[in-house]
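Trainee: Protein chains in written order, with the working numbering: chain F, 1 to 409; chain D, 1 to 409. For glycine and all other residues, C-beta sits at the position ideal for the given N, C-alpha and C. Note that the structure is a prediction, hence the values are computed from the model and not measured.
Protein chains: 2
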Amino acid sequence: MAQSIDLLRSPVLPSGFRASGISCGIKGAGKLDLGLLVSDHPAVSAATFTTNRIKAAPVKLSMRHLKKGGLQAVVVNSGNANACNGKRGEKDARSMAQAAAGALGLEEGQIFVCSTGIIGLPLPVEKIQAVAPAIVEDLRPGGLRDFSRAILTSDKRNKVVSARISIGGKKITITGAAKGAGMIAPNMATMLAFITTDAAVTKAELEVATKSAVATSFNCISIDGDMSTNDTVLVMANGAAGNSSFRAGSTASRLFRQALARVMLELAWRLVRDGEGASKFVTIEVLGAATQVDARRVAESVANSSLVKCSWNGSDPNWGRVIDAVGYSGARVDEAKVDILFGGLAGAKGGKAARTPIARLKAAVAKKEFTVTVNLNIGRGSHRVFTSDLSEGYVAYNRLEYALKLQGR
Amino acid sequence: MAQSIDLLRSPVLPSGFRASGISCGIKGAGKLDLGLLVSDHPAVSAATFTTNRIKAAPVKLSMRHLKKGGLQAVVVNSGNANACNGKRGEKDARSMAQAAAGALGLEEGQIFVCSTGIIGLPLPVEKIQAVAPAIVEDLRPGGLRDFSRAILTSDKRNKVVSARISIGGKKITITGAAKGAGMIAPNMATMLAFITTDAAVTKAELEVATKSAVATSFNCISIDGDMSTNDTVLVMANGAAGNSSFRAGSTASRLFRQALARVMLELAWRLVRDGEGASKFVTIEVLGAATQVDARRVAESVANSSLVKCSWNGSDPNWGRVIDAVGYSGARVDEAKVDILFGGLAGAKGGKAARTPIARLKAAVAKKEFTVTVNLNIGRGSHRVFTSDLSEGYVAYNRLEYALKLQGR
Numbered sequence: 001m002a003q004s005i006d007l008l009r010s011p012v013l014p015s016g017f018r019a020s021g022i023s024c025g026i027k028g029a030g031k032l033d034l035g036l037l038v039s040d041h042p043a044v045s046a047a048t049f050t051t052n053r054i055k056a057a058p059v060k061l062s063m064r065h066l067k068k069g070g071l072q073a074v075v076v077n078s079g080n081a082n083a084c085n086g087k088r089g090e091k092d093a094r095s096m097a098q099a100a101a102g103a104l105g106l107e108e109g110q111i112f113v114c115s116t117g118i119i120g121l122p123l124p125v126e127k128i129q130a131v132a133p134a135i136v137e138d139l140r141p142g143g144l145r146d147f148s149r150a151i152l153t154s155d156k157r158n159k160v161v162s163a164r165i166s167i168g169g170k171k172i173t174i175t176g177a178a179k180g181a182g183m184i185a186p187n188m189a190t191m192l193a194f195i196t197t198d199a200a201v202t203k204a205e206l207e208v209a210t211k212s213a214v215a216t217s218f219n220c221i222s223i224d225g226d227m228s229t230n231d232t233v234l235v236m237a238n239g240a241a242g243n244s245s246f247r248a249g250s251t252a253s254r255l256f257r258q259a260l261a262r263v264m265l266e267l268a269w270r271l272v273r274d275g276e277g278a279s280k281f282v283t284i285e286v287l288g289a290a291t292q293v294d295a296r297r298v299a300e301s302v303a304n305s306s307l308v309k310c311s312w313n314g315s316d317p318n319w320g321r322v323i324d325a326v327g328y329s330g331a332r333v334d335e336a337k338v339d340i341l342f343g344g345l346a347g348a349k350g351g352k353a354a355r356t357p358i359a360r361l362k363a364a365v366a367k368k369e370f371t372v373t374v375n376l377n378i379g380r381g382s383h384r385v386f387t388s389d390l391s392e393g394y395v396a397y398n399r400l401e402y403a404l405k406l407q408g409r
Numbered sequence: 001m002a003q004s005i006d007l008l009r010s011p012v013l014p015s016g017f018r019a020s021g022i023s024c025g026i027k028g029a030g031k032l033d034l035g036l037l038v039s040d041h042p043a044v045s046a047a048t049f050t051t052n053r054i055k056a057a058p059v060k061l062s063m064r065h066l067k068k069g070g071l072q073a074v075v076v077n078s079g080n081a082n083a084c085n086g087k088r089g090e091k092d093a094r095s096m097a098q099a100a101a102g103a104l105g106l107e108e109g110q111i112f113v114c115s116t117g118i119i120g121l122p123l124p125v126e127k128i129q130a131v132a133p134a135i136v137e138d139l140r141p142g143g144l145r146d147f148s149r150a151i152l153t154s155d156k157r158n159k160v161v162s163a164r165i166s167i168g169g170k171k172i173t174i175t176g177a178a179k180g181a182g183m184i185a186p187n188m189a190t191m192l193a194f195i196t197t198d199a200a201v202t203k204a205e206l207e208v209a210t211k212s213a214v215a216t217s218f219n220c221i222s223i224d225g226d227m228s229t230n231d232t233v234l235v236m237a238n239g240a241a242g243n244s245s246f247r248a249g250s251t252a253s254r255l256f257r258q259a260l261a262r263v264m265l266e267l268a269w270r271l272v273r274d275g276e277g278a279s280k281f282v283t284i285e286v287l288g289a290a291t292q293v294d295a296r297r298v299a300e301s302v303a304n305s306s307l308v309k310c311s312w313n314g315s316d317p318n319w320g321r322v323i324d325a326v327g328y329s330g331a332r333v334d335e336a337k338v339d340i341l342f343g344g345l346a347g348a349k350g351g352k353a354a355r356t357p358i359a360r361l362k363a364a365v366a367k368k369e370f371t372v373t374v375n376l377n378i379g380r381g382s383h384r385v386f387t388s389d390l391s392e393g394y395v396a397y398n399r400l401e402y403a404l405k406l407q408g409r
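(1) Over what stretch of residues does the alpha helix (DSSP H) that includes F/Val395 continue unbroken?
(2) Within 8 Å, do at least three Cβ pairs link the region 275 to 291 of chain D to the region 366 to 385 of chain D?
(3) Indicate the three-state DSSP secondary structure (helix, strand or coil) for F/Lys212 in the structure shown.
(4) Which residues mark the beginning and the end of the beta strand (DSSP E) in which F/Ser382 is found?
(5) Under 8 Å, do F/Ile135 and F/Ile22 count as touching if we go by C-beta distance?
(6) What residues in its chain sit with their C-beta under 6 Å from that of D/Gly120, if we drop five residues either side in the sequence?
(7) If we require 3 or more residues per run, which beta strand (DSSP E) segments fall completely within the region 5 to 84 of chain D?
(8) So, at 6 Å on beta carbons, what are the nonlocal neighbours of D/Ala130 in its own chain, with the 5 sequence-adjacent residues on each side left out?
(9) Can you pull the chain F residues whose beta carbon is under 8 Å from the beta carbon of D/Val374, in chain order?
(10) With 16 other CB atoms within 10 Å as the buried threshold, where does F/Pro14 fall?
(11) Mind listing which residues of the region 45 to 72 of chain F have their C-beta closer than 9 Å to chain D's C-betas, in chain order?
(12) Taking beta-carbon pairs under 9 Å, can you tell me which members of the region 95 to 124 of chain F lie near chain D?
(13) Classify F/Asn398 as buried or exposed, calling it buried when 16 or more other Cβ atoms lie within 10 Å of its own Cβ.
(14) If you follow the beta strand (DSSP E) that F/Glu285 is part of, which residue opens it and which one closes it?
(15) State the DSSP-derived secondary structure class of D/Arg157, mapped to helix, strand or coil.
(16) Classify D/Thr229 as helix, strand or coil using the three-state DSSP reduction.
(17) Under a CB-based cut-off of 8 Å, is F/Asp198 close to chain D?
(18) On a Cα-Cα basis, can you pick out the residue from F/Gly314, F/Thr371, F/Asn377 and F/Cys310 that is closest to F/Ala336?
(19) Could you name the residues of chain F that D/Trp319 contacts, counting a contact when the two beta carbons are closer than 7 Å?
(20) Taking all protein chains shown into account, decide if F/Arg9 is buried (16 or more other Cβ within 10 angstroms of its Cβ) or exposed.
(21) Examine chain D for any beta-carbon lying closer than 8 Å to the beta-carbon of F/Cys220, and answer yes or no.
(22) Take the Cβ of D/Arg157 as the centre, count every other Cβ of all protein chains shown within 10 Å, and call the residue buried at 16 or more, exposed below.
(23) Relative to the alpha-carbon of F/His41, which residue among F/Arg321, F/Val374 and F/Asn238 has its alpha-carbon at the smallest distance?
(24) Of all Cβ atoms in chain F, is any one closer than 8 Å to the Cβ of D/Glu335?
(25) Between which two residues does the beta strand (DSSP E) holding F/Ser115 run?
(26) DSSP three-state label for D/Ile172, please.
(27) What three-state label does DSSP hand D/Lys368 in the structure shown?
(28) So what's F/Arg321 in DSSP terms, helix, strand or just coil?
(29) Buried or exposed for D/Ser359, going by 16 or more other Cβ atoms inside 10 Å?
(30) For D/Pro58, count neighbouring C-beta atoms within 10 Å of its own C-beta (all shown protein chains included) and say buried if the count is 16 or more, exposed if not.
(31) In whole angstroms, what separates the C-alpha of D/Glu107 from that of D/Gln98?
(32) Please state whether the Cβ-Cβ distance between F/Met96 and F/Ile128 is less than 8 Å.
(33) Exposed or buried, what is F/Thr196 when buried is set at 16 or more other beta-carbons lying within 10 Å of its beta-carbon?
(34) Determine the direct distance from the alpha carbon of D/Gln292 to that of D/Arg380, and round the result to whole angstroms.
(35) Distance check for D/Phe342 and F/Asn51, CA to CA, integer angstroms please.
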């Protein structure tokens, strides 16, 4: 379904949005680390946030601003998560919103604030305040690329996607930018995504569309099973396309939801492909589970098993480790019915080794992208999760990060 | 409490037990891969098994034999888990029991069978049948070392522990041998432990003592969070010490339980120290949780976080990743009350960075063994988990294992 929406070759911001990204000195060495995304008019907005009980200060502030309504801008810094900084962190998040609001001539409550980076270091908010006029000055319809680069942390590539649909003869653009490369788990972890659209859409419709698109995209990816304090997906719709509004259940609504889901799914896939140390993109497809919940349990259990992920890194069709993770997932399982396939080739059939020659299974897992199918053959529950392998590169990267960041302290 | 029991410098089998370990050719290259442990008389026995819903054939068979009572011997092979082999696997597990029973002159139902190694490859049971007379021939009171080596898989060291106590003037020995180095999670994963004692003890008393000792030892360790199809802890008590039996609540009972727990805890620690690629031994101590269940959730969440484990590998006192794992553990948390300590030094105090100089925190985490304390400061729940770091060596080992094993196929 969602795959039938075409993506633009060159992503562009929807009408009535401008963006910019500059270096304010948090990361140092002239790296882009502050992004601003602005709608010419207040936008209907919806968002989902981390379910981590420890939430960063900007997350708590943005939750309040979202509730008020009338959002018109997002300011994002990278290099510092402004999480676990106590009262000072909350004050700094507000100062960041105030700095952006002042330079834009908006109210503080119209600013959505995000931070991503290291936890527990005070945010040097004065650096953001100092460049607020400059980043506003730099706003332009073509500023998406700089914005998307300014929000990155350990990502190797920026991630921007646009889709275009037509509703009632009006051209509607949906464009998203995302970041996140580690600490990624279902329920969104250390990832930020900002989706803008010029569609005219009601708040209720946008909320439903956002929730359902997140459920099948960002909540279906897992890199390391960790879930961060800062995750946020924000969707802003400013109505500049001038389409007449549509209601739930209409063809227009279906098309809009499908396009939004497509943009988010593509961003989610790019997050997995850019995962820290990832060398493979693996789809875990669970079929035949007793319930949907069981299907999800199995998919996540397999996706989060270090042993399974190491085997993929070695191009090893190790279905024994997969069935082991199936067994401890908590899902109902009848061992004698479990089939496990690599790229469509049976590794295990009915809970034991299938006859497929090992060389063929190895070739399937040696690919850069492949699907592992687990069919429990006891019901109709199904679920898909997108994940990566676990490499020595992941460990090498993550054993050093914090120590390096603190060299300057 | 449990620490006050002294361990013997040179572990020995309790009276009335003999053991042996030989090479039957499953692993090849003359490596020890078949162990036998026999009591001169039927032993009162208790066991705990994997909670994985996919259970290996020998686990299912041994559960039945344990229930019958009258166990007198354990036969264990390494190199092949005999898991996920369908009906053939069940037949092979029985053949293995029959081979041992035949050579020992016992009933099939008196034999406890265990297998450990690769999942999903048929067990070459004829190799075991061929050497059954030889391994019985080789049984001797001093055979514990060979037995303990024959049950190893990816372990670098064999693990044997003895404790001695005195009850009513009779000297009682409790001795355990264990294996397991990866796929280790709470609720016992890819680990086997065989504890023998010459104590005279009732079945009810042994069952309670076993359950409680496992709960505070093998169920409190985690290497990679994976839980295998074959885990088993067996305790056999043959009464050869000649003590008069004791009842629950007596001083003798307390002493016996304490000694059994001490032996299991020491074995559990050795499993963690010998973890695949492990370079650190880390105790996670959670205090002040709202409930015991919450304390356990937090400890396991921290112990199973790949990001946290990588930071330890890099001697990085990264409390931000720790508090992140605390936040998504599902436990009740008040961010402003959370303290995180490394080796007793505060990394975070009240949910934000403490003033301890980074150099001192780094020195604490650079040690080979250290404790990470998480104090939630909201209740009285506490729990301890013993775990290791995540290294490039873990990945390098686990990306290759299965592929190598299958070279011969």
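Mentor: Taking the coordinates as given:
(1) Glu392 to Asn398
(2) yes
(3) Sequence check: residue 212 of chain F is Ser here, not Lys. Looking at F/Ser212 - three-state DSSP - the assignment turns out to be helix.
(4) Gly381 to Ser388
(5) yes
(6) Cys84
(7) 17 to 22, 34 to 39, 44 to 49 and 73 to 80
(8) none
(9) Correct list: empty, because the minimum Cβ distance to chain F is about 12 Å.
(10) buried
(11) Thr50, Thr51, Asn52, Arg53, Ile54 and Lys55
(12) Ile118, Ile119, Gly120, Leu121 and Pro122
(13) buried
(14) Phe281 to Ala289
(15) coil
(16) coil
(17) no
(18) F/Asn377
(19) Gly120
(20) exposed
(21) no
(22) exposed
(23) F/Asn238
(24) yes
(25) Ile111 to Ile118
(26) strand
(27) coil
(28) helix
(29) Looking at the sequence shown, residue 359 of chain D is not Ser but Ala. Classification of D/Ala359: exposed, given that the 10 Å Cβ count is below 16.
(30) buried
(31) 8 Å
(32) yes
(33) buried
(34) 8 Å
(35) At residue 51 of chain F the sequence reads Thr, which differs from the Asn that was named. Computed Cα separation, rounded: 27 Å.
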